[in-house]
Amino acid sequence: MNAPFVARADEVALLDETLDRAGSGMAGAVLLAADAGVGKTRLVQHVAAQATAAGAHVVVTHCVDLGDVGLPYLPFAETLAQLHALAPGVVDEIVAARPALARLMPGQPAAADGSANRLQLFEGLVEVLGAVGTAGHPLLLVVEDVHWADSSSRDVLRFLVSRLRDQHLLLVASYRTDDLHRRHPWRPVAAELARHPRVQRLDLRPFTPDELREFTVAVTGASVPEQSLRRVVDRSEGNAYFAQELLEAGTDADELPWSLAEVLRARLEGLDPEVQQLVRVASVAGRRVDERLLRAAVGD
1 MNAPFVARAD
11 EVALLDETLD
21 RAGSGMAGAV
31 LLAADAGVGK
41 TRLVQHVAAQ
51 ATAAGAHVVV
61 THCVDLGDVG
71 LPYLPFAETL
81 AQLHALAPGV
91 VDEIVAARPA
101 LARLMPGQPA
111 AADGSANRLQ
121 LFEGLVEVLG
131 AVGTAGHPLL
141 LVVEDVHWAD
151 SSSRDVLRFL
161 VSRLRDQHLL
171 LVASYRTDDL
181 HRRHPWRPVA
191 AELARHPRVQ
201 RLDLRPFTPD
211 ELREFTVAVT
221 GASVPEQSLR
231 RVVDRSEGNA
241 YFAQELLEAG
251 TDADELPWSL
261 AEVLRARLEG
271 LDPEVQQLVR
281 VASVAGRRVD
291 ERLLRAAVGD
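For what it's worth, UniProt numbering labels the leading residue of the sequence shown as 1, then goes sequentially.
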């Protein structure tokens, strides 16, 4: 089931205003940050649908978690394919002038690697993105899950932001804040991009209890008893995905839904063994754990 869209009026207004500026020739970017399940994708879907209805061109691409392997330029190869479907003549003309872009096009020979070709590829992407959007009909480019972006894609994002000028373009890059450990490669890139004058960071917070009440009505089609609602609020802590899974499983169920349990299990298994042990200790201690207790438990 797709999650219903509720609340988020301030976030929608910010994105709409930024897209309006892009339609007037003031390119910009938004870094959309939140924990997993809070509602980044649902917000993007809503704004993209509104933008399409208003006459904007919309391209939505994704980064994929492939561990240390990665696929160079994956979201931008997807971007170029979608742009070619939107404006084939524009894309073909720019690819012909900048053949390094061909490496991102299916069925075309790739140019040899090298710093000159890499620069040509970056500049070609910026040129294509700037050529598709027009006055009143901007291009909304959404790159989801950039915390999984490979190093080449991170470099493209940095280059693209550095070239934001008078294009009719809005870039929205979404990422999970709870995945950003101290040495995560996206962390310094996000900090660098956020300092650019054309970039705004949008932190998507969990639902408030009142917003979650609205969300439960939208999910269930009926009001939920106050006691059951408080149980969902307490267990989900405003996380839309968690709340929806709990509602679909039944608000009186004591065990976690299997789908939610699998998500949490996968996230725990991604932690270092020492951290996993710390989580086990904390789970026994209760919902709130004193730091001194944790230090004593791990022998610190």
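Quick reminder that beta carbons are idealized off the backbone N, C-alpha and C, glycines included.
Nearest neighbour of residue i, chosen from the options [CA to CA]
{"i": "Leu83", "options": "Val60, Pro72, Ala96", "result": "Val60"}
{"i": "Val64", "options": "Asp166, Ser236, Gln200, Arg154", "result": "Arg154"}
{"i": "Ala173", "options": "Arg183, His184, Trp148, His181", "result": "Trp148"}
{"i": "Leu193", "options": "Pro225, Phe159, Leu104", "result": "Phe159"}
{"i": "Arg42", "options": "Arg8, Arg231, Ala87", "result": "Arg8"}
{"i": "Ala13", "options": "Pro4, Val38, His46, Gly39", "result": "His46"}
{"i": "Leu140", "options": "Ala49, Leu119, Glu127", "result": "Ala49"}
{"i": "Ala131", "options": "Gly23, Gln200, Glu274", "result": "Gly23"}
{"i": "Pro4", "options": "His184, Val289, Tyr241, Ser151", "result": "Tyr241"}
{"i": "Asp20", "options": "Asp179, Lys40, Thr52", "result": "Thr52"}
{"i": "Ser236", "options": "Arg103, Arg213, Gly70, Pro225", "result": "Arg213"}
{"i": "Val199", "options": "Ser162, Arg231, Ala81", "result": "Ser162"}
{"i": "Gly55", "options": "Leu74, Ala222, Gly133, Asp179", "result": "Gly133"}
{"i": "Pro72", "options": "Ala29, Leu129, Glu123, Val156", "result": "Val156"}
{"i": "Glu93", "options": "Ala249, Glu291, Asp35, Glu127", "result": "Glu127"}
{"i": "Pro106", "options": "Val189, Leu80, Leu129, Leu121", "result": "Leu80"}
{"i": "Gly124", "options": "Arg103, Val142, Val143", "result": "Arg103"}
{"i": "His57", "options": "Ser283, Arg98, Ala87, Arg292", "result": "Ala87"}
{"i": "His181", "options": "Arg292, Phe76, Val275", "result": "Val275"}
{"i": "Ser152", "options": "Asp179, Pro75, Leu15", "result": "Pro75"}
Counterpart residues of residue i in DSSP-defined beta bridges
{"i": "Gly61", "result": "Per the sequence presented here, residue 61 reads as Thr, with Gly not at that position. For Thr61, which the question treats as bridged, DSSP gives the partners Val143."}
{"i": "Ser174", "result": "Leu32"}
{"i": "Thr134", "result": "His137"}
{"i": "Leu169", "result": "Leu139"}
CB-CB length for residue i against residue j, believed under 8 angstroms
{"i": "Asn117", "j": "Ala100", "result": "4 angstroms"}
{"i": "Thr177", "j": "Ala33", "result": "5 angstroms"}
{"i": "Gly25", "j": "Asp203", "result": "Gly25 to Asp203, Cβ: 28 angstroms. No contact."}
{"i": "Pro138", "j": "Leu169", "result": "6 angstroms"}
{"i": "Tyr175", "j": "Asp145", "result": "7 angstroms"}
{"i": "Val219", "j": "Leu247", "result": "5 angstroms"}
{"i": "Val143", "j": "Val44", "result": "Between Val44 and Val143 the Cβ distance is about 10 angstroms, and since that is not below 8 angstroms, they are no contact."}
{"i": "Asn239", "j": "Asp10", "result": "No, Asn239 and Asp10 are not in contact; Cβ-Cβ is about 19 angstroms, not under 8 angstroms."}
{"i": "Leu164", "j": "Gly37", "result": "Actually they do not touch by this definition, with Cβ atoms about 30 angstroms apart."}
Burial state of residue i, where buried means 16 or more other Cβ atoms lie within 10 Å
{"i": "Thr216", "result": "buried"}
{"i": "Pro279", "result": "The question names Pro, but residue 279 is Val in the sequence shown. Flag for Val279 reads exposed."}
{"i": "residue 301", "result": "No answer is possible for residue 301: the residues shown for the chain start at 1 and end at 300."}
{"i": "Leu31", "result": "buried"}
{"i": "Ala135", "result": "exposed"}
{"i": "Asp150", "result": "buried"}
{"i": "Pro206", "result": "buried"}
{"i": "Gln227", "result": "exposed"}
{"i": "Gln277", "result": "exposed"}
{"i": "Gly221", "result": "exposed"}
{"i": "Glu39", "result": "Glu is not the amino acid found at residue 39; the sequence shown has Gly there. So Gly39 counts as buried."}
{"i": "Leu129", "result": "buried"}
Short CB-CB distance (under 8 angstroms) between residue i and chain D
{"i": "Ala87", "result": "Absent from the structure: chain D. Only one protein chain is present."}
Residue i CB to nearest heavy atom of the ligand ADP below 7 angstroms
{"i": "Ala282", "result": "As presented, the structure is devoid of all ligands, the ligand ADP included, so that no description of it is given."}
Quiz item: Which ranges would you report for the beta strand (DSSP E) in the region 183–214 if only whole runs of at least 3 residues count?
Solution: 199–203
Quiz prompt | Complete runs of the alpha helix (DSSP H) confined to the region 68–131 [at least 4 residues] | solution = 74–86, 88–97
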